[in-house]
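Reading through the structure tokens given below for one structure.
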Amino acid sequence: LAKTTQPISMDSYEGQEVNITCSHNNIATNDYITWYQQFPSQGPRFIIQGYKTKVTNEVASLFIPADRKSSTLSLPRVSLSDTAVYYCLVGDMRAAGNKLTFGGGTRVLVKP
Amino acid sequence: DAGITQSPRHKVTETGTPVTLRCHQTENHRYMYWYRQDPGHGLRLIHYSYGVKDTDKGEVSDGYSVSRSKTEDFLLTLESATSSQTSVYFCAISEEGRGETQYFGPGTRLLVL
Chain P
8 LAKTTQPISM DSYEGQEVNI TCSHNNIATN DYITWYQQFP SQGPRFIIQG YKTKVTNEVA
68 SLFIPADRKS STLSLPRVSL SDTAVYYCLV GDMRAAGNKL TFGGGTRVLV KP
Chain S
72 DAGITQSPRH KVTETGTPVT LRCHQTENHR YMYWYRQDPG HGLRLIHYSY GVKDTDKGEV
132 SDGYSVSRSK TEDFLLTLES ATSSQTSVYF CAISEEGRGE TQYFGPGTRL LVL
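As they're listed, the protein sequences go chains P and S. Under this note's numbering, the first residue of the first sequence carries the number 8, and numbering increases by one thereafter. Under this note's numbering, the first residue of the second sequence carries the number 72, and numbering increases by one thereafter.
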């Protein structure tokens, strides 16, 4: 699986937009980009997945430039409950086994 | 939330004793996974299963074994627990193992003294 690099931590305030960028310079043609969210004492939870351009759902947006060597998770108007660790994963999700490789993640702290 | 339970949720044991963790699902998903989470390492895959009696190793399988005799249950066994196996263990499930979401259980905190 392609290695990913993301910031260790980010601070924000309620109501602001949070953008977390993940670098994946060695992404392969068949690789997808997936983001998970993890609250303390809970298992990770799927947020969003994309292959190219932009994907949006009710929780977040995912921006992927044409070269796909990075991606940005955007959380609009965060609240205190968005404080969590966010993981960027890259891999050929179509390969049998769907084995995920988690890095250290980005710890997002939302302040009042 | 996906129907995944893990038992026990917390366990303290001594070095050298056997430990079995259980993951139970009610979703009838084919794939099940065991991960461990340690500070600074994110989550690492231990073993996974792609069907009853079908299992394969993950990234950190040494010292662990698994069994899946029924679709709904996936057991993780530490034959002789060591302090390095102190961790939080998460079970996850997915429907077909190809690109779709993995759903995680609540985790089991294991302390090996």
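The beta-carbon is built from N, C-alpha and C at its ideal position, and this holds for glycine as well. Small disclaimer: the values here were computed from a predicted structure and weren't measured.
Test: residue i CB closer than 8 Å to a CB of chain S
i	result
Pro-4(P)	For chain P, the structure presents residues 8 to 119; residue 4(P) sits outside this window and is missing.
Phe-109(P)	yes
Gly-112(P)	yes
Cβ of residue i within 8 Å of any chain P Cβ
i	result
Thr-172(S)	yes
Ile-145(S)	The residue you asked about is not Ile; residue 145(S) is Phe in the sequence shown. No, no contact with chain P.
Residue i and residue j closer than 8 Å at C-beta
i	j	result
Ser-131(S)	Arg-107(S)	It should be pointed out that residue 131(S) corresponds to Val in this sequence rather than to Ser. Yes, these two residues count as a Cβ contact at 8 Å.
Ser-81(P)	Ser-68(P)	yes
His-118(S)	Gly-129(S)	yes
Gly-50(P)	Phe-145(S)	no
Gln-56(P)	Ala-91(P)	no
Pro-177(S)	Arg-115(S)	no
Leu-107(P)	Leu-96(P)	yes
Ser-58(S)	Val-137(S)	Residue 58(S) cannot be examined here, being either before or after the span of chain S that is shown, 72 to 184.
Where residue i meets chain S, residues with beta-carbon distance less than 7 Å
i	result
Tyr-94(P)	Gly-113
Neighbouring residues, chain S, relative to residue i (Cβ below 8 Å)
i	result
Gly-57(P)	Those within 8 Å of Gly-57(P) in chain S number zero; the least Cβ separation is about 12 Å.
C-alpha gap between residue i and residue j, whole angstroms
i	j	result
Lys-10(P)	Ala-163(S)	22 Å
Ser-158(S)	Val-85(P)	31 Å
Gln-156(S)	Leu-182(S)	8 Å
Pro-89(S)	Leu-149(S)	6 Å
Gln-173(S)	Val-123(S)	18 Å
Lys-185(S)	Glu-166(S)	The shown model of chain S, from 72 to 184, leaves out residue 185(S), and the question about it has no answer.
Ser-78(S)	Tyr-93(P)	26 Å
8 Å contact criterion, which residue i and residue j should meet: CB distance rounded
i	j	result
Thr-113(P)	Ile-27(P)	5 Å
Asp-38(P)	Gly-98(P)	6 Å
Thr-126(S)	His-95(S)	So it is not a contact: roughly 16 Å between Cβ atoms.
Glu-24(P)	Pro-83(P)	5 Å
Contacts of residue i in chain P (Cβ-Cβ under 8 Å)
i	result
Gly-178(S)	Ser-48, Gln-49 and Gly-50
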